[in-house]
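First up is the structure itself, then whatever we jot down about it.
Residue numbers (this note's numbering): 214 to 712.
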């Protein structure tokens with residue numbers, strides 16, 4: 214009898230081994246199928262890295278690496294499904310528009326699925342549940358939603374906290390909501406006395422409360438279950454494989470490990486000071502000394518952006534100004550209409566349209582830096598065209614008449630005789646335009662370009678502080694403007710000497 218059972222046991226063992234091998238192969242093929250289903254091997258995640266510990270910049274040693282709870286989950290999911298991962302950034306209220314413009318494959322930013330959001334994007338299952346809190350001064354006694362009656366309350370624009378605050382305002386009379394772009398701005402508004410409280414997620418509120426001992430946070434009882442999920446473009450084939458991978462991470466305890474890693478008290482307190490609160494601004498620039506290399510890395514990008522915008526804007530402005538003075542009515546009309554449009558609409562609006570609309574209209578995935586340069590070129594060209602036109606018309610008409618009497622072609626006359634004199638006359642105005650572009654370059658931070666201001670804001674979010682990094686950024690801008698002004702004065706003196 215034992216001898217008869219031996220072959221059966223051997224067969225069962227072989228069958229079991231075969232099943233194990235098949236399951237391993239199937240798992241590997243599943244990753245490959247997930248990658249092949251979207252026709253590419255790299256996924257683009259877009260996030261708003263000003264929300265520690267969910268996502269923020271690791272600024273140690275000047276690095277520009279986005280890290281955090283969401284980023285670790287995204288890396289794990291991408292690896293399980295056989296993808297490489299690329300991370301982009303934007304302001305929170307620009308994340309869903311980026312998905313709709315096909316600029317990214319998915320969003321992870323502590324985003325909660327809401328009925329309104331579900332109309333525009335698809336969501337995964339909930340991977341983390343958090344609670345809303347009321348952040349307020351300890352002496353204010355604002356602990357429950359009913360206590361906010363007649364108070365000014367800050368919320369981050371485009372977040373679930375904003376929607377929940379609106380629901381509270383419907384039940385509690387007298388609440389005045391103030392919408393702000395970032396949570397650090399809301400905290401600073403509380404400290405400045407402009408608002409009485411802010412509604413912030415508990416994991417984020419904990420860090421700010423530890424950094425600002427004069428503040429406290431109290432949890433708001435949740436009326437319904439809510440939490441963070443991954444957002445995808447409508448109809449994305451990634452939703453199902455991501456859900457399966459998330460469920461696998463939950464079953465294996467991987468999500469719980471990441472929660473412990475990023476939401477522990479020690480992690481939240483790592484970047485904050487435990488010093489007691491003081492009066493006034495309580496400035497302490499020693500807290501940003503380790504982050505100075507990170508902020509300084511924004512200078513080359515700001516200068517590169519400004520120089521490209523000025524150079525291309527000068528060329529485009531010259532073309533527009535020549536169209537205005539040619540006497541050809543269609544060209545004059547088009548140039549004047551173009552100038553009126555770009556001078557009559559906000560630069561920030563133009564930037565958003567170029568960045569988000571270009572992929573949908575042309576299919577070209579324009580980069581944030583390219584979109585910024587293009588927008589500023591088109592905008593500055595409109596302003597420069599009027600300045601250059603005035604400079605050309607200020608040149609003595611005798612110069613034109615003398616050139617024409619000598620048979621000099623019109624194009625050569627403009628290039629060799631008129632434009633050099635015009636540019637010398639309008640040099641101060643061009644310097645002012647360049648300075649304006651240098652300062653306005655901070656606007657490109659809204660579409661994710663990490664220039665000087667964005668770098669300072671990132672440091673502020675990581676350190677749970679506000680004034681110190683912004684004041685340091687202001688000093689950098691001032692130094693750059695003074696250097697540009699000095700260079701322009703030297704050039705102007707040399708041009709006068711050559712007369």
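Don't be surprised by glycine CBs; every beta carbon is placed ideally from N, CA and C. Because the structure is a prediction, the values reported are computed rather than measured.
On the DSSP letters alone, give me the boundaries of the alpha helix (DSSP H) that residue i sits inside.
i	result
residue 415	415-424
residue 389	Unbroken run through residue 389 is the beta strand (DSSP E), 389-393; no alpha helix (DSSP H).
residue 578	No alpha helix (DSSP H) contains residue 578, which DSSP labels as neither H nor E.
residue 679	Residue 679 -> no alpha helix (DSSP H), and no H or E assigned at all.
residue 551	542-557
residue 402	396-405
residue 381	373-384
residue 455	452-464
residue 273	Element bounds for residue 273: n/a, residue is neither H nor E.
residue 311	308-313
Check whether the Cβ atoms of residue i and residue j lie closer than 8 Å to each other.
i	j	result
residue 361	residue 385	yes
residue 348	residue 424	no
residue 303	residue 259	yes
residue 301	residue 576	no
residue 388	residue 364	yes
residue 346	residue 472	no
residue 501	residue 329	no
residue 282	residue 262	no
residue 658	residue 589	no
residue 690	residue 671	no
residue 600	residue 535	no
residue 668	residue 507	yes
residue 256	residue 298	yes
residue 409	residue 449	no
residue 402	residue 351	no
residue 370	residue 306	yes
residue 293	residue 435	no
residue 373	residue 416	no
residue 340	residue 451	no
Counting along the chain, where does the beta strand (DSSP E) carrying residue i start and finish?
i	result
residue 523	First-last for residue 523: 511-538, but that is the alpha helix (DSSP H), not the beta strand (DSSP E).
residue 280	278-280
residue 476	Element bounds for residue 476: not the beta strand (DSSP E) but the alpha helix (DSSP H), 467-476.
Alpha carbon to alpha carbon, what distance is there between residue j and residue i?
i	j	result
residue 546	residue 602	15 Å
residue 650	residue 390	33 Å
residue 504	residue 279	15 Å
residue 560	residue 470	45 Å
residue 645	residue 549	22 Å
residue 605	residue 593	18 Å
residue 674	residue 705	42 Å
residue 699	residue 554	33 Å
residue 413	residue 368	7 Å
residue 518	residue 635	25 Å
residue 296	residue 446	18 Å
residue 440	residue 323	8 Å
residue 337	residue 379	25 Å
residue 272	residue 497	18 Å
residue 693	residue 509	12 Å
residue 216	residue 335	Note on residue 216: pLDDT 44, under 50, position unreliable in the model; the coordinate value appears next. Residue 216 and residue 335: Cα-Cα distance of roughly 60 Å.
residue 597	residue 533	9 Å
residue 311	residue 615	57 Å
residue 702	residue 647	14 Å
residue 617	residue 630	11 Å
residue 464	residue 585	44 Å
residue 591	residue 529	8 Å
residue 677	residue 663	19 Å
residue 270	residue 284	11 Å
residue 375	residue 381	10 Å
residue 393	residue 524	35 Å
residue 688	residue 254	43 Å
residue 343	residue 442	11 Å
residue 564	residue 444	24 Å
residue 638	residue 268	50 Å
Look up residue i in the DSSP assignment and give the residues it is bridged to.
i	result
residue 320	259, 444
residue 722	Because the chain is modelled from 214 through 712, residue 722 falls outside the range shown and cannot be assessed.
residue 412	347
residue 367	391, 411
residue 300	258
residue 334	446
residue 504	Per DSSP, none; premise fails for residue 504.
residue 268	264
residue 341	441
Let me know the alpha helix (DSSP H) ranges lying completely inside the region 590-642, each 4 residues or longer, listed in chain order.
610-618, 623-626, 632-638
Complete runs of the alpha helix (DSSP H) confined to the region 656-699 [at least 4 residues]:
665-676
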